[in-house]
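Mapping of the sequence shown onto full-length UniProt numbering: position 567 corresponds to residue 567, and the numbering continues sequentially without gaps.
Positions of the beta carbon are idealized from the N, C-alpha and C atoms, including for glycine.
Taking it in order: structure first as structure tokens, then the write-up.
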Amino acid sequence: MGARERWPLAPATGTEAAMEILLIIRFCCNCTYALLYKPIDRVTRSTLVLHDLLKHTPVDHPDYPLLQDALRISQNFLSSINEDIDPRRTAVTTPKGETRQLVKDGFLVEVSEGSRKLRHVFLFTDVLLCAKLKKTSVGKHQQYDCKWYIPLADLVFPSPEESEASPHVHPFPDHELEDMKMKISALKSEIQKEKANKAQSRAIERLKKKMFENEFLLLLNSPTIPFRIHNRNGKSYLFLLSSDYERSEWREAIQKLQKKDLQAFVLSSVELQVLTGSCFKLRTVHNIPVTSNKDDDESPGLYGFLHVIVHSAKGFKQSANLYCTLEVDSFGYFVSKAKTRVFRDTTEPKWDEEFEIELEGSQSLRILCYEKCYDKTKVNKDNNEIVDKIMGKGQIQLDPQTVETKNWHTDVIEMNGIKVEFSMKFTSRDMSLKRTPSKKQTGVFGVKISVVTKRERSKVPYIVRQCVEEVEKRGIEEVGIYRISGVATDIQALKAVFDANNKDILLMLSDMDINAIAGTLKLYFRELPEPLLTDRLYPAFMEGIALSDPAAKENCMMHLLRSLPDPNLITFLFLLEHLKRVAEKEPVNKMSLHNLATVFGPTLLRPSEVESKAHLTSAADIWSHDVMAQVQVLLYYLQHPPISFAELKRNTLYFSTDV
């Protein structure tokens, strides 16, 4: 075959030549992304990890020189790449003739015309640009469509009065978010099964597409924290974020740029087109943060419990009332999980408070340090909470190799000149299923509920009654009650007092932080020798909640309650009515029935160790197969009309649990 036949550069017509060259360019573009941009993105992430490792590695450590060499090689490689990219960066200039650089970008949920829309937001040195990624046919170069832009000289943040006048943001219904999570978990499990069975890639891709659709909906509808910005000409824009952390990051980045000598301007259509066109090349965030976009070899995250001790903080310039909050990511967005007590009027707070945080595929831990505000005039009208000032914030990756050890790992996180010292260790979900009966049968923790009620001559254990009474007395309006972790040392102190049947129990309860009391109640149920809804009935509960026929499900679920031992049933019904009363205060405490079911479901209804080992193969499987169903079981009873013990017992009809 001649050269002309192998590479036909001179076809019959000019049109054919153009089409052929276009196909070659498309092929090269696709290859470039797969072979160049993706590896570079990984090198960038590795460089950041190496930088953090060096920061926390002692100079005299034997690995320190090796880490230095690795970082130097990595940085030199990125520098050589950037030399080629810089000419494209400098092609876009500001009205003052200076280089316009990209400072920050990311995916945010914008509320526009009453609906939520996912946007890619780009913060340049002098302008904020909100764009949408255009849908293109396969093989075509992706492009952005500019929805709007604001020169930073014209961008202002609303005052409290303006925020008050803004329309209220209605959160997405919890039950719909939980349904999405269930679907995502089920699809993840199905994909793993298909991979194990070596199914056709087409079938797996179809499942991945469904999972992406559900993850996208969850990402779109889960954020609730408003981030409002205004243009000086009166136009306002609203984004919803999942965390105070992101809101603070965007606000700080914009305000830092606004300290420079900025000028107002209007971009011509050509200038706007050039700027928008540069976004694809300059962006640092390439994919929507969902599991579907992760490579198969990337970490699925951690499932289990992270124990964190917040020790102390230094670096404050003046005395203040200080506290910290802890956040972890879950299903692509961040959730606040714990809060220290307020350390008053100090520059060196020493909390030494331990928290247990449940992880659901989590990869990052965030610590935010706040100055407590007691001025009731500074209320955020979106969530009716007093606005506290963020003094610092920091984030660390939860590396499984570092975290999954039996020993505590102590670290320091730096944030705006402030240093917070903390320790952490991780317990996998399968380890948390181990239940160790108490060796001291005179106590209440780790002792069968029937033994405790018989000894006390009561229908509901004293510890349950007292904790519930205290929560309803002064904690029912506490934001995040039962979701926010109590201090572990306080919880252990309460546990010891209840186990010893100390006469000072009531006095201690009245002085104790309400989150610690809520945590003590959860710990009591978790440490029962078997869960409240029993090991024996666990499989039947899992089958009953999966029934699609409402009448059959009602018969089955009521029969299962009748099958419980009397002390377990009476205690369960007592707790059920308490949680319903807590949910009635949802507008204030932000705890819906769904939130409460998520907190208590896996505690009241958990597989035995034998059941777990027989059916589940990994931590991710434990979450996807069981936890969502456990939540749904409790939610079913919480949403059910009041259930009477006497009425249940009077009804002697037999409904089979063979489903």
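Going by CA-CA distance only, name the one from the options that's closest to residue i.
i, options, result
"L605", "R581, L564, E577 and Q639", "L564"
"N407", "H307, K389 and A551", "H307"
"F280", "L53, F316 and Q142", "Q142"
"S242", "I229, N221 and R232", "N221"
"G544", "E271, L634 and H120", "L634"
"residue 663", "F572, D145, K473 and L561", "Residue 663 lies beyond the residue range present for the chain, which begins at 1 and ends at 659; the question has no answer from this structure."
"K235", "S269, I517 and Y149", "Y149"
"R426", "E358, F265, H175 and Q492", "With the sequence shown as reference, residue 426 is identified as Phe, and Arg is not the correct amino acid for it. Per the Cα distances, E358."
"E647", "H559, A196 and N197", "H559"
"D411", "L365, R247 and V103", "L365"
"H578", "L561, D375 and A518", "A518"
"Y303", "Q466, A253 and D626", "D626"
"L238", "I225, D244 and S248", "I225"
"A493", "T520, K473, I484 and E356", "T520"
"L576", "V464, A338 and E246", "V464"
"K448", "Q255, E530, L507 and N501", "E530"
"V266", "A500, G277 and N233", "N233"
"L537", "P171, A551, N568 and V156", "N568"
"V468", "E249, M182, H170 and L506", "L506"
"Q363", "V328, K350, F355 and S548", "V328"
Taking 6 angstroms as the limit between beta carbons, can you name the residues of its chain near residue i, skipping five residues before and five after?
i, result
"Y64", "T57"
"T32", "Its pLDDT being 49, under 50, T32 is placed unreliably by the model, and nothing is read from it."
"residue 682", "Since the first residue of the chain shown is 1 and the last is 659, residue 682 is not available in this structure."
"N231", "I150 and D154"
"H175", "H594"
"V479", "N589 and K590"
"C130", "R119, V121, K147 and W148"
"K459", "I570"
"S608", "D535"
"E353", "V310, T340 and V487"
"A196", "none"
Tell me which residue opens and which closes the beta strand (DSSP E) that residue i is part of.
i, result
"H307", "L302 to K314"
"A552", "That residue, A552, is in no beta strand (DSSP E); its alpha helix (DSSP H) goes P550 to R562."
"L118", "S115 to F124"
"E110", "L102 to S112"
"L359", "K350 to S362"
"S423", "I418 to S428"
"I390", "K389 to Q397"
Please classify residue i as buried or exposed, where buried requires at least 16 neighbouring CB atoms within 10 angstroms.
i, result
"H409", "exposed"
"Q630", "buried"
"N589", "buried"
"L638", "buried"
"D566", "exposed"
"L509", "buried"
"R202", "exposed"
"A91", "Because A91 carries a pLDDT of 42, less than 50, the predicted location of this residue cannot be relied on, and the following value inherits that uncertainty. By the neighbour-count rule (16 or more Cβ atoms within 10 Å), A91 is not buried but exposed."
"P461", "buried"
"T276", "buried"
"Q632", "buried"
"S159", "exposed"
In its own chain, which residues sit with a C-beta less than 7 angstroms from the C-beta of residue i, not counting the 5 before and 5 after it?
i, result
"M180", "N214, L217 and L218"
"T284", "D105"
"L67", "L50, L53, L54 and T57"
"residue 667", "What is shown of the chain runs 1 to 659, which leaves residue 667 out entirely."
"D126", "T94, R100, P151, L152 and L262"
"F124", "R100, Q101, L102 and V103"
"I491", "A516, G519, T520 and L523"
"S268", "none"
Taking the alpha helix (DSSP H) that residue i belongs to, which residues open and close that run?
i, result
"Y636", "M628 to Q639"
"I204", "S201 to N221"
"H230", "Note, H230: premise wrong, no alpha helix (DSSP H); beta strand (DSSP E) at I225 to N231."
"A196", "D174 to A196"
"W408", "From DSSP, W408 is part of no alpha helix (DSSP H); its letter is neither H nor E."
"Y462", "Y462 to R474"
"E647", "F645 to R650"
Please list, in chain order, all residues of the same chain as residue i whose beta carbon is under 8 angstroms from its beta carbon, the five residues on each side excluded.
i, result
"N82", "Any answer about N82 is weak, because its pLDDT of 48 lies below 50 and its placement is not dependable; what the coordinates show is given next. Taken in chain order, the list of residues that qualify is empty."
Examine the ligand HEM and report whether any of its heavy atoms sits within less than 7 angstroms of the Cβ of residue i.
i, result
"A496", "As presented, the structure is devoid of all ligands, the ligand HEM included, so that no description of it is given."
Original post:
Are the segment 442 to 455 and the segment 510 to 519 touching by the rule of at least three beta carbon pairs closer than 8 angstroms?
Top reply: Result no; under three Cβ-Cβ pairs closer than 8 angstroms.
Subject >> Contact between the segment 332 to 343 and the segment 414 to 430 (3+ Cβ pairs under 8 angstroms) >> reply: No: fewer than three Cβ pairs fall under 8 angstroms.
**OP:** Could you say if the segment 319 to 338 and the segment 358 to 377 meet the contact criterion of at least three C-beta pairs nearer than 8 angstroms?
**Re:** Contact between the segment 319 to 338 and the segment 358 to 377 is present, with at least three C-beta pairs closer than 8 angstroms.
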